[in-house]
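Report on one structure; see the data block that follows.
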Amino acid sequence: MPNQYDKIFKESLKEVVYVLLEKLLGIKAVNITQLDTKLQVTDEREADFLLDITLHDGSSFIQHIEFQADNYKPMPYRMLRYRLYGSEKYKKPIKQILFYIGKEPLRMKNYIREDKITYEYDIIDFRTIDCEQFMNADTPEEIVIAILCDFASKDATIVIRHLLTRIKEIVVEEAKRSKYIRQLEVLSQLRGLHEKVSEEVNEMALVYDIEQDVRYRQGMRKGIEKGKFEGKLEGKLEGLLEGIQLSLDIKFGSEGVSLMNFLYNINNIEKLEKIKNIIKDAASVEELKNKVTLDGK
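Heads up, the numbering used here is the position in the sequence shown plus 133, with the first residue counted as 1.
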């Protein structure tokens, strides 16, 4: 996925990976450790996911998972480099799987057969997976996957409405629910369904407004009062930063709050207001970082 949305898609798929291990790959592990995905020999390559997996019998291996949204013809050579670099770095057997999540029919090969070279990896086309496998799941991570699967003869609007309803039923807390709905919107772009998903989200009034959260309002009120009392720009900035910190905590927990080290260096109210609005729409910390960077903040 070599474009500006690569990190957003990867962040949205992060929680999905563990579901795919068991549901589609049949891996029942006793322990899974996520590894550093940067592989460097003379040039650096970054895989999507590298997982150190230990099975019940005590054996272990590295599972390399790659997602691809277009038909990249040299993909087998890229996958081979990942395998070679990964083997050298981690000194363990590596199993590879590529999940094709593109809209167009799959045309990529999953092998190299040349003179004295035979190499192959597994590939799964999400367009061939029945969405029923995930539609009625009990976890939001699984439900989100369904948007990438085969709807068969089902009407897309009905499927989308069903997925949103299931997320609403399962995720009670509105802030967390908003996260999964935003992930669904992001992934729907890969199927050309973003407009329909957005329409249904608005129709069902599922968008969570962080500004209505009691904790957020209290924090902002406190900051505004402090700004009025001090009558200084510093007071207003501090109040806005306090509100932003609360919104990051409510939506993303400690990972979101860690961004405050960067935001404290911004002393422009207009910029902070824009970032506050980005936080409202972001589904993940990675998406938030990406948007703030693209906006030049």
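All C-beta atoms in this analysis are idealised placements derived from N, C-alpha and C, irrespective of residue type, glycine included.
Check	Outcome
Reduced DSSP category for residue 162 - H, G, I as helix; E, B as strand; rest coil	strand
Counted within 10 angstroms of its Cβ, other Cβ atoms place residue 268 as buried (16 or more) or exposed	buried
Three or more C-beta pairs below 8 Å linking the segment 158-172 and the segment 272-290	no
Where residue 224 falls, given that 16 or more other Cβ within 10 Å makes a residue buried	exposed
Residue 280 vs residue 231 beta-carbon contact at 7 Å	no
Sub-7 Å separation of residue 334 and residue 321 beta-carbons	no
Identity of the residues DSSP links to residue 183 by a beta bridge	197
Under the three-state DSSP convention, the category residue 265 falls into	helix
Close Cβ partners of residue 189 (< 6 Å) along its chain, the five nearest in sequence each way excluded	163
Option nearest residue 165 by Cα separation, candidates 150, 298, 397 and 377	150
7 Å Cβ cutoff met for residue 310 and residue 319	no
Secondary structure of residue 228, DSSP reduced to three states	strand
Contact the segment 214-224 vs the segment 152-162: 3+ CB pairs below 8 Å	no
Continuous beta strand (DSSP E) stretch holding residue 247: start and end	244-247
Boundaries of the alpha helix (DSSP H) in which residue 215 is found, first to last residue	208-223
Unbroken stretches of the alpha helix (DSSP H), 4 residues or longer, contained in the segment 279-329	289-303 and 307-321
Extent of the continuous beta strand (DSSP E) to which residue 406 belongs	First-last for residue 406: 402-414, but that is the alpha helix (DSSP H), not the beta strand (DSSP E).
Proximal residues to residue 411 (C-beta, below 8 Å), its chain only, five neighbours per side dropped	421, 424, 425 and 428
Straight-line Cα distance separating residue 241 from residue 220	24 Å
Whole-angstrom distance between residue 183 and residue 124, CA atom to CA atom	There is simply no residue 124 to check, as the chain begins at 134 and stops at 430 in what is shown.
Residue 388: first and last residue of the uninterrupted alpha helix (DSSP H) it sits in	387-390
Sequence-distant residues of its chain with Cβ nearer than 6 Å to residue 275 (five each side left out)	152 and 267
Residue 215 versus residue 402: straight-line alpha-carbon distance, rounded	45 Å
Cβ-heavy atom distance, residue 157 to the ligand SAM, below 6 Å	With respect to small molecules bound, the structure shown includes none, and the ligand SAM cannot be examined in it.
Reduced DSSP secondary structure (H/G/I, E/B, other) of residue 171	strand
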